[in-house]
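In terms of numbering that gives the first Met the number 0, the sequence shown opens at residue 0 and continues consecutively. Glycine included, C-beta positions come from ideal geometry on N, C-alpha and C.
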Amino acid sequence: MEEAYHHLLHYYQYPHLHNPNINYHEPAYNFYESYEPEIYYDYHEPPSEQEITLSIIAELTQKLDERLESMESQINERFDKLEEAMGQVAKTIKELQSQEMNEQVWTSPVALDVEPLVSLEPVHFDIAEETHDDVSFC
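Now the structure itself:
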């Protein structure tokens, strides 16, 4: 392919060498204006600075969007956990308040300083061990 290209290039740059009917003093045939070989169809000009900048911006935007989506999902997960924890805290507070209300019913602030009339501790009687021999009747 490369040899054929160079042969065509030589033929069009120096036509008088290949065709005796062409006047030597005429200007040489302009190869680039009339014929583009296949090799030039594969050639791509380097991208301009603007194209490079736009491609970099597009890549960065895509990466930022992906990162934003992952951060958003993490934030949503944390909010869900926080809402669940807040629900548990509210439930615990209600339980503690109900326990406190029950304690306030049984122990009023006035009765706290005074010894209770009835002991709240359980009393165990062992009837089997008690004997009535010690009791004397008068």
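Reduced DSSP category for residue i - H, G, I as helix; E, B as strand; rest coil
i	result
residue 83	helix
residue 100	helix
residue 72	helix
residue 39	For residue 39, the predicted structure reports a pLDDT of 48, less than 50, and the residue's modelled location is therefore unreliable. A value from the coordinates is still provided. In this structure, residue 39 counts as helix in the three-state DSSP scheme.
residue 47	coil
Min CB distance residue i to chain C below 9 Å
i	result
residue 63	Absent from the structure is chain C; it holds one protein chain and no more.
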